[in-house]
Structures are given as C-alpha cells and as structure tokens.
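Add 35 to a position in the sequence shown, counting from 1, and you land on the number used in my numbering. To start, the structure itself, in structure tokens.
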Amino acid sequence: MHEGFFTTRPARRERWQAILLACVCSLAFLREAVLPTQALLPFVPEHYEPLQSEARAAGRLTEADLELGNVTMGDKYNQSLAWDRVLQDRLRDGEIPLWCRELGGGSPFVPQMAQVYQPWNLLLAALPIPSAGIYGIWFFLHQALFGVFAWHFLRRLGVGQAAACFGLVVAELGLWTQARIHHNVIVTAALPLFPLLTVIGGAFAADRTRTLRATLARVGLVALCLGLSWSSGFAPVSLQATWIAGAFAILCACRSRDARPLLGLGIGVALGVVISLAQMVPVLIAAQDTSRPVYRSADLVPFGLHPRHLWSLIWPDLYHVADQIHHVPGWIALEALPTNVSATFNWPESVFAPGLAAVFVLPLALAVRAHRAIALLFGGLLVLGFGLATARAPFLQLSELLPGAQAGDLRRFLFTFAMAATVLAALGVERLAASRPLRIAFAIVSIAVAIASAIQALPALSLDDHAFRTYWAERLLMREEAAGLTLDQIRDAMLARPFETPDNRAAQAMCFLRTALVALLAAAAAFGLRGARLVVTLAAITAVELLVTGAGTIVAVPTARVTTPPATIGPALDATRRAREVNAPLPRFARLFRDGEGIEMQLLPVNLAAYHGLEDVFAYDPLPPRRLEEFFDALEPGTPIVTRGAGVRGFYRAASLASPLVDLLGVRYVLAERHELPDDGRWIDVSPSTAPERIRLWERTDPWPRATFVDRCVVVPPVAERLHRLTSSDAASLRTTVVLEDAGAPAADGDGVVNATVAVVEHRDERVVVRITTDEPGYLRLADPFDPGWTATLDGARTTVFAADHRFRAVHVPPGEHEVVFAYDAANVRAPQWIAAAAFLIAIALTVAGRGKMR
C-alpha cells in the first residue's frame, strides 16, 4: 500500500459541496415526488379496477394519465405500499409488527421484506403524513446519502474533490440506482456499502490511530453497517456488499503487509451478524417451509443477461425504456435478444449504465499507478458482476461455488458491476483530466460514437410509418424464431397494436440522438478543458444524461389518490372498521377473475386491498408459506390462482366459491368481474350505486365464524392425502371434523352433534383470545394460518398448537368453560429480537466511546 493510502481527509467546505451536490441530484431526479403531499409511484393507481372505472365516470382520469410511468415496476403496489402502511399504523400504536392479518389472511410480517427493524421507519412513526406521502422523502434521504457516502470513500481513497464528485453523480444517478426507485428494500441493503469500505480502509491507513478505543470504534461501525444491511430484508445485495467489503479488506491487508486489523474487522462482522438476527432468523425459518422454488443452474440460465446488453452502456435504453407503460418488448430488443430475454426482461431488471463519459473512462483507472491495485480489484469485480449476471459459463459454474449466489436471479449481481463502475469512473476521470493524449483519444472515441448514433437514428427520423414498419419487419424476419412467417404477417402484427409504431419510433430516436448529443458535448469538453473544469463539466453532462434517460419511472400524484379506496369496496371497509373497533375478527375479502379474457391482474391487486385495511385471503409473499399455496392449489386446481413461489392471486372459477373450504376460510366479501356467482342464495350484491356495472362487490349472508368447536378429528400425515380429503369433504363434515397431521395429537371421536359455544373476545394481529364452553372434549379450530411462531395457553397453562385442516390451527380442549389465548411469541420469534437489540446497543456503545479517537 502506498505511503499515503487512505490518509486524505476532506475539508469541511468539500463536505458541504458534496452534500449540496447530492441533494441537488436527488431533487432533480425526484422532482415534485419529494413533496409530502405527493405519492411517489411507478404509474397512476387508476391502472387498477375498480379505481379506473370510478375515475372515468367522475371525469377524473384522462388517457394521458394512463400513459405515464413504467408498468414493469408494479411491485410497488404489491409490496412496499402495503408494508409501509402496516408499519406506520403499528409503530404509531407502539408495536413492532411481527404478524399481519391483512396479508393472506395472516402471515409472518418480517419475512415480507418490510424492513421492520430499520431505523428509517422512525419517519413513518414521527411524520404526520400518510405512509404513501413519506416515500419520496425516504428515497431522497437514501439517494443523497448514498452519493455522499460514495464521495467520502473516494476522497479517503485519495481521489481529488472534482473526481470524487463525479463518482457521486455516477453512484447516485447511475441507472442501477435509479431503477431501484420503487424497490426501497434494495436501496436500504446497498446504503451501508461505502461507509463499510471507508471504515475498512481507515483500519489500514498509514496514519490511523492504533489505540484500543479506536479499534473498538471500528468494530462498532463495521457491525452497524453490516447489521443494518442484512436487516433490510434483501439478502442478495447484502451478500454482495459483504463480499466486496471482504475483498477490499484482504487487498488492504496484503498491500499493507499488516493483517492485524482483520481481527477487529472480523469481530465487527460477527457482531453485525448478531444485529441482523431479528430479521434473518424469521427469514430463514420461513425459507425452510416455503413454496418458493429452489433454483438450480439450469433454471437460472434463461434469466441471465445477454452479452449484447453491454451495448446499453453506450445506449442505456436501447432495449428497455424508462417509461415502459406497455408489456411489449421493443423491436430492437426483439431483433437483438433471445425471445425469452426480450419478452420478459424490463427496465428495473436490466439497466445498469453509469453514463457515457463514465463508461469511456473506466479503463483509464488502470493507468493510475498509485491506485492500480484498487483499480485491479474493482475492475475484477466489474467483470465478475456482469459475468454472473449473464448466467453463462464460466460464471454460471462459479456461482455454484459462491455461498448464496444461486438463491435467486443472477441479474442481481449488476449491483456489484454498478458499485465497481463508480470507483473506476472516479479514478479514470481524474487520470483523463491530467493527460492531454488521453483527452484527445477520449474526444475521438466520443465523436465516433456520436456519428454511429446519428446513423442508427436515421430510420426513425426519415422513414414514414409504413416504411419504418417494413424496415423493421425485414430485420425481424431474419430471426430464427420468425421461420415460417411472412413479411406481411409481421407487419400486420405490428399494426395490431396501434401504439407499437409510434412507441418504437420515439424510443429509437430518443435513444440514439441523446447519446449522439452527449458524445459531442463530451468531446467538446475534452478538447477545450482540462483539470477540475473538465471533470466538473463531464459530471454535469453525465447527470443530465442520466436524469433524462431515467425520468419516466417516476409518477407523482396527490397522496389522496392513493389513500382514498375505491368506493366499490366501501361496504367491506365499513364492516372492517366496525370489527376493528371491538377487536373482532376482520371480515375476509377475496377477488374473482373472469375465466379467459378478463382484466385479471388489474382487479385490485392483492396487497393493494391490504393497503386499504382489508383482510385479503390472497397475498403477494416473497417467501410464501408452503401451506398457503398448497391449500389454494388444491381448492382450485388447474388455474393460475397460485403463483408458484410468490403467493396467491385470486379465484378464477365462480364454482370455487361454493366449496366448503371457502366457508372454512370465512370469506365474506368478493370483488368480482362478473355478475354470476353460485346460485345458492348465499351471496347478495352489496355494490354501492357508484360501482361500475361490470365489477361488483358480493357479500356472503352466512359466513362461518372464525373459531369453531369440533368433536371429531382424523390424522392424515401425507400432504396429498390430507388435501384430497379436505377437497372431497362436504360442509357438514368440515363443521364437525378437523383434519390433523400430528400422529401424537389427542383423539377426538364424538358423535358429530356439537353442543358448544365459542366466542372470539379479542382478535389482534399477534394475540387472539377465545372463550369456549363445551360438554365434551374436542378441538377448538381457529381459521387463522398455522405458523410455528404461534403458542397457546389453555386457562393460563401452555398447550400445543396443532396444524389443522392443513392451513389453520387448533388446540385440544377438555369439557367445561375455558379461555384459550393464542400469541405469536414463541422463542424463535422473541429471542432473536432481544439478542439483536443487545448487539445493536453494544455496537452503538463501541462506536460512540471510540469515535473521537479514530482518525
């Protein structure tokens, strides 16, 4: 390690310059979405029914509204929108949410990637704003801090102020970061990376303070960085951050020939692991019994990037555009990429460009002698990140050797690419500014790219619609997948969707002309400027380029448009409100899609119903319990009701609503895109007069109570046999018999004539109290989901909670009057909280006690 390694200490003025630049970049990106009166969304909520029909009828919606945003980022509606609302309500009540009854009729909340233990959640509790209005502020703070942290690491590394600010722009506005705009859990996982690298570099600095207190402070900081990253809920990025930090630490130890700091850093890592236990233990428990598939190498190959995605470093939106409002791949993507890639890839999964100038200077980082070892490390990480993202040999085989690498989509390794590009771009641009020959070469390359881009733009600019379609039809006809098709057939397919021709023309013209203009500006700057002026100018060009490229992912709407529920579900919301007031079980809600052609996924998505407070029996779940998907798959086989690893959507057959299992679920309200429900006299249309004609809300007149007593049980351990018995049982059998799976469960063989009274006297997320009076022994069945985190007491004494009817839970009760209390407080639920809290306080104490001694 060279003598001055990590000895640079930014001046106060430089810090304020970096903070100001970071804030300006983030505000320019978010625009009005940062205001608390605005909700930051990927597209308007009226994309979903019945909101759209209601808004059209009231004259509140235009076609232009529906053309805004990026429909491939709809996870916002299925994920954080509901999670943040639940967190806000529970935190304001002084509770940490561990179980949420609104999602899937009840599910563990921590494995939802809801970031329960992140300090940032204090914003939800403290600010007098609905959670939907806080997200813009939340993202602004994260994005600006991410840039400042990157700048600080680069300055400590010895990069000059101007080049470090260039790195700030690349880190903060690079398309990898921009594409995380509606995936806050990923941003939170990534945020501690650069502070972690700064602490590690400081531990090996030539002028570091070597006292015990300074060492302990570094231990505390490493623990906090890793603990907070792993507590975010998005392990793939936390894992990569840990690997990058580990590689950097090893490099520092090798170059300094001093491995002693590694001991303290290792202790910090161990303490960080303990801090994350409150998050990771529930996740690991959920992962042991989830229906989410286990990936093999062959499963990951179809979802890897194509090597041609490297062209998007020059033309960032060549294959996917930021305002991708239609689920249709562009013609360039269809021509250049395999069918599965062009059809299923999208903006958030596939973009990673750091800006044209940054791309051009990446190789120049190797020319900086003082930082060559650093450049080689991050250059290797750059290649490794993209290589793993392609899921191709030899990187695919390498991923088999890396712990946790194949736990999900390998495209997530674009994070490693993006972070490495940030460091290399800062090193490279500083070298560019100091070398006239390199500036000339940079300008020549920029001009060449400008010319190539202008040529590529000519078809979109010069051809009329028919000629433009013919030009692209001829190119698409050359694809192997087009065998057997004619030119006219391809042109007819293009005409079938009126938006395709103008969308492709606009996307291609914008993509190529923007790159041509950026390249010309960069060339002019390289010819006319040098030193810090050149770097600052390139940073400004890069910021504008990236802001223009990614602007389409942000749609800001008044918060009230999100918080106001559709009037159609008003009766269900009213009943839910009354139940909450008396701590009664919430009425359960479901949706019914139309067979064949229908609006399907546009019908009030699962977690959006939960956002409005309904207890939806369906849910998106990143780690869906195996029992959830198995139960619904058995109830309605042969339909897409189950997502095979992400939860359950909704019913597709009206006949399913006549199943006794729906009685057992206690479904009371159904939102349906149809008028016909089972003709059994048990469903009435309770839709308000303002509800759209084709979408109705139905109420069940006689829903089963949440808690029931049964005097018979059968034990059926095999899953398939158990589900078959349940689906073939009639209502009378289900009312009197519970199907168990534990061979050690007490027997119950009554006559089926139940004489018992059951009352749920308290029903909260993590506590249910039931009073029961019975003349005979049997089982109290609670139609809430089973989970090993639930415990129960019978008249104050612990009793066993059995999995009942595959999905629910039950306890055995003797004759007499009893009080049964279910609580979500098993040791595997509470112990990780206390252990993690203790570790967090220790890390804080170590950091505070020694912070003043660190240099």
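Just so it is clear, CB atoms sit at the ideal spot from N, CA and C, and this is done for glycine as well. Quantities reported herein were computed from a predicted structural model and do not represent experimental measurements.
For residue i, three-class secondary structure by DSSP
i	result
residue 120	helix
residue 604	helix
residue 833	strand
residue 793	strand
residue 96	coil
residue 426	coil
residue 134	strand
residue 48	helix
residue 215	coil
residue 807	strand
residue 388	coil
residue 851	strand
residue 719	strand
residue 826	strand
residue 230	helix
residue 682	strand
residue 83	coil
residue 325	strand
residue 761	helix
residue 337	helix
residue 202	helix
Beta-carbon proximity check, residue i vs residue j, cutoff 8 Å
i	j	result
residue 729	residue 685	no
residue 698	residue 733	no
residue 565	residue 466	no
residue 265	residue 307	yes
residue 835	residue 856	no
residue 143	residue 822	yes
residue 567	residue 481	no
residue 874	residue 310	yes
residue 448	residue 468	no
residue 456	residue 558	no
residue 152	residue 119	no
residue 881	residue 297	no
residue 663	residue 139	yes
residue 57	residue 183	yes
Residue i: first and last residue of the uninterrupted alpha helix (DSSP H) it sits in
i	result
residue 869	862 to 885
residue 548	535 to 563
residue 661	661 to 670
residue 293	Run containing residue 293: none; DSSP gives neither H nor E here.
residue 73	Segment 73 to 76 is the beta strand (DSSP E) holding residue 73; no alpha helix (DSSP H) there.
residue 2	Since the displayed the chain opens at 36 and closes at 890, residue 2 lies outside it and no answer follows.
residue 248	247 to 265
Assigned exposure category for residue i - 16 Cβ within 10 Å defines buried
i	result
residue 89	buried
residue 682	buried
residue 7	Coverage of the chain is limited to positions 36 through 890, which leaves residue 7 absent and any answer about it impossible.
residue 844	buried
residue 72	exposed
residue 135	buried
residue 486	exposed
residue 676	buried
residue 631	Its pLDDT being 49, under 50, residue 631 is placed unreliably by the model, and nothing is read from it.
residue 513	exposed
residue 462	buried
residue 289	exposed
residue 337	exposed
residue 156	buried
residue 810	exposed
residue 876	exposed
Endpoints, the beta strand (DSSP E) within which residue i is located
i	result
residue 734	731 to 735
residue 174	Segment 166 to 192 is the alpha helix (DSSP H) holding residue 174; no beta strand (DSSP E) there.
residue 706	702 to 707
residue 813	813 to 817
residue 743	742 to 745
Nearest-angstrom beta carbon gap, residue j and residue i [assumed within contact, 8 Å]
i	j	result
residue 276	residue 225	7 Å
residue 590	residue 77	6 Å
residue 386	residue 214	5 Å
residue 414	residue 433	In fact, because the Cβ distance is near 17 Å, the residues do not count as touching under 8 Å.
The ligand PLP heavy atom lying under 7 Å from the CB of residue i
i	result
residue 571	As far as ligands go, the structure on display features none, and thus does not contain the ligand PLP.
Any C-beta of chain D under 8 Å from that of residue i
i	result
residue 604	Among the chains in the structure shown there is no chain D, since it carries only a single protein chain.
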